[in-house]
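Using the working numbering, read the sequence shown as starting at 88 and increasing by one per residue.
Have a look at the structure below, then the notes.
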Amino acid sequence: MIRVFLTLAVVLYAVVVPILEVNDTHVFNPAWTPHAKIHEVWQLITNSVIGFYCLYLVWIRKRLIIPTILSMIVTGSFLMAYALKELYGGDMAFVNAPEKMVFGVNIGVLGFGIVFIGLVLCLMSEAQNTKGDNNE
88 MIRVFLTLAV VLYAVVVPIL EVNDTHVFNP AWTPHAKIHE VWQLITNSVI
138 GFYCLYLVWI RKRLIIPTIL SMIVTGSFLM AYALKELYGG DMAFVNAPEK
188 MVFGVNIGVL GFGIVFIGLV LCLMSEAQNT KGDNNE
(Lines of atoms letter the chains of each structure in order from A and count residues from 1; the text may use other names and numbers.)
(Lines give C-alpha, C1' and ligand atoms only; values in the text may rest on other atoms or scores of the structure.)
Protein backbone atom coordinates (compact mmCIF):
# COMPACT_ATOMS: atom_id res chain seq x y z
CA MET A 1 0.00 0.00 0.00
CA ILE A 2 2.83 2.42 0.85
CA ARG A 3 4.53 1.71 -2.49
CA VAL A 4 1.34 2.55 -4.37
CA PHE A 5 0.80 5.77 -2.40
CA LEU A 6 4.43 6.83 -2.94
CA THR A 7 4.06 6.14 -6.66
CA LEU A 8 0.92 8.30 -6.84
CA ALA A 9 2.66 11.08 -4.90
CA VAL A 10 5.64 10.99 -7.25
CA VAL A 11 3.42 10.97 -10.34
CA LEU A 12 1.71 14.09 -9.00
CA TYR A 13 4.87 16.16 -8.54
CA ALA A 14 7.14 14.58 -11.18
CA VAL A 15 4.68 14.14 -14.06
CA VAL A 16 1.39 15.99 -13.51
CA VAL A 17 2.88 19.29 -12.31
CA PRO A 18 5.27 19.56 -15.29
CA ILE A 19 2.40 18.78 -17.68
CA LEU A 20 0.37 21.56 -16.04
CA GLU A 21 3.24 24.06 -16.10
CA VAL A 22 4.91 23.60 -19.49
CA ASN A 23 2.55 26.03 -21.21
CA ASP A 24 1.86 29.73 -21.67
CA THR A 25 0.84 30.27 -18.04
CA HIS A 26 4.24 29.24 -16.71
CA VAL A 27 7.29 28.18 -18.76
CA PHE A 28 6.23 29.99 -21.95
CA ASN A 29 4.53 32.93 -20.25
CA PRO A 30 5.67 36.07 -22.11
CA ALA A 31 5.14 38.16 -18.95
CA TRP A 32 7.71 36.14 -17.01
CA THR A 33 11.31 37.29 -17.03
CA PRO A 34 13.88 34.90 -18.51
CA HIS A 35 15.38 34.57 -15.02
CA ALA A 36 12.04 33.42 -13.56
CA LYS A 37 11.64 30.92 -16.42
CA ILE A 38 15.07 29.41 -15.67
CA HIS A 39 14.04 28.89 -12.05
CA GLU A 40 10.73 27.34 -13.10
CA VAL A 41 12.32 24.88 -15.52
CA TRP A 42 15.07 24.09 -13.00
CA GLN A 43 12.46 23.32 -10.33
CA LEU A 44 10.45 21.13 -12.71
CA ILE A 45 13.52 19.14 -13.80
CA THR A 46 14.84 18.80 -10.24
CA ASN A 47 11.51 17.60 -8.86
CA SER A 48 11.03 15.17 -11.74
CA VAL A 49 14.52 13.68 -11.37
CA ILE A 50 14.01 13.33 -7.61
CA GLY A 51 10.67 11.66 -8.32
CA PHE A 52 12.10 9.17 -10.81
CA TYR A 53 14.89 8.35 -8.36
CA CYS A 54 12.23 7.75 -5.69
CA LEU A 55 10.43 5.32 -8.02
CA TYR A 56 13.72 3.48 -8.57
CA LEU A 57 14.22 3.23 -4.81
CA VAL A 58 10.65 2.08 -4.20
CA TRP A 59 10.28 -0.50 -6.95
CA ILE A 60 13.83 -1.68 -7.73
CA ARG A 61 15.73 -1.25 -4.46
CA LYS A 62 12.63 -1.93 -2.31
CA ARG A 63 13.36 1.08 -0.08
CA LEU A 64 10.61 3.23 1.39
CA ILE A 65 11.96 5.64 4.00
CA ILE A 66 14.34 7.65 1.79
CA PRO A 67 11.84 8.10 -1.08
CA THR A 68 9.19 9.09 1.43
CA ILE A 69 11.46 11.75 2.93
CA LEU A 70 12.49 13.03 -0.51
CA SER A 71 8.84 13.28 -1.54
CA MET A 72 8.06 15.11 1.70
CA ILE A 73 10.83 17.60 0.85
CA VAL A 74 9.35 18.27 -2.61
CA THR A 75 5.72 18.59 -1.50
CA GLY A 76 6.55 20.30 1.79
CA SER A 77 8.68 22.88 -0.02
CA PHE A 78 5.67 23.87 -2.12
CA LEU A 79 3.56 24.21 1.02
CA MET A 80 6.26 26.35 2.65
CA ALA A 81 6.56 28.54 -0.45
CA TYR A 82 2.80 29.04 -0.40
CA ALA A 83 2.81 29.85 3.33
CA LEU A 84 5.63 32.39 2.84
CA LYS A 85 4.27 34.00 -0.36
CA GLU A 86 3.46 37.29 1.36
CA LEU A 87 7.15 37.73 2.24
CA TYR A 88 8.32 37.61 -1.38
CA GLY A 89 5.25 38.75 -3.31
CA GLY A 90 4.24 35.32 -4.57
CA ASP A 91 0.74 34.51 -5.75
CA MET A 92 -1.08 31.46 -7.07
CA ALA A 93 -3.46 33.54 -9.20
CA PHE A 94 -2.75 33.73 -12.91
CA VAL A 95 -2.58 37.06 -14.73
CA ASN A 96 -6.23 38.03 -15.39
CA ALA A 97 -7.51 34.82 -13.76
CA PRO A 98 -8.44 33.96 -10.19
CA GLU A 99 -6.61 31.51 -7.97
CA LYS A 100 -7.90 27.96 -8.53
CA MET A 101 -9.77 26.90 -5.40
CA VAL A 102 -11.55 23.77 -4.18
CA PHE A 103 -13.80 24.18 -1.13
CA GLY A 104 -12.14 27.54 -0.52
CA VAL A 105 -8.63 26.07 -0.48
CA ASN A 106 -6.01 26.55 -3.20
CA ILE A 107 -5.99 23.43 -5.38
CA GLY A 108 -2.21 23.02 -5.07
CA VAL A 109 -2.29 23.38 -1.30
CA LEU A 110 -5.15 20.90 -1.07
CA GLY A 111 -3.47 18.31 -3.32
CA PHE A 112 0.03 18.62 -1.92
CA GLY A 113 -1.35 18.97 1.62
CA ILE A 114 -3.19 15.66 1.35
CA VAL A 115 -0.12 14.02 -0.18
CA PHE A 116 2.18 15.47 2.51
CA ILE A 117 -0.05 14.18 5.32
CA GLY A 118 -0.16 10.78 3.62
CA LEU A 119 3.63 10.79 3.34
CA VAL A 120 3.98 11.61 7.05
CA LEU A 121 1.72 8.64 7.83
CA CYS A 122 3.75 6.41 5.47
CA LEU A 123 6.98 7.49 7.14
CA MET A 124 5.61 6.82 10.62
CA SER A 125 4.34 3.40 9.57
CA GLU A 126 7.54 2.39 7.80
CA ALA A 127 9.74 3.70 10.63
CA GLN A 128 7.74 1.58 13.06
CA ASN A 129 8.05 -1.48 10.79
CA THR A 130 11.83 -1.11 10.36
CA LYS A 131 12.94 -0.33 13.92
CA GLY A 132 16.45 -1.66 14.31
CA ASP A 133 16.85 -2.24 10.55
CA ASN A 134 19.79 -0.24 9.20
CA ASN A 135 19.02 -0.83 5.51
CA GLU A 136 17.72 2.69 4.79
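Glycine residues also receive a C-beta, built at the ideal position from the N, C-alpha and C atoms.
Check	Outcome
Which of helix, strand or coil DSSP assigns to residue 193	strand
For residue 179, three-class secondary structure by DSSP	coil
Inter-stretch contact at 8 angstroms, needing at least 3 Cβ pairs: the region 161-168 / the region 197-217	yes
Neighbourhood of residue 104 by C-beta, 8 angstroms cutoff - its chain only, sequence neighbours within 5 removed	131, 134
Length of the line joining the Cα atoms of residue 185 and residue 102	24 angstroms
Contact the region 149-159 vs the region 209-219: 3+ CB pairs below 8 angstroms	yes
Whole-angstrom distance between residue 173 and residue 191, CA atom to CA atom	18 angstroms
Which residues DSSP lists as bridging residue 188, in chain order	193
Proximity of residue 97 and residue 141 at Cβ, strictly below 7 angstroms	yes
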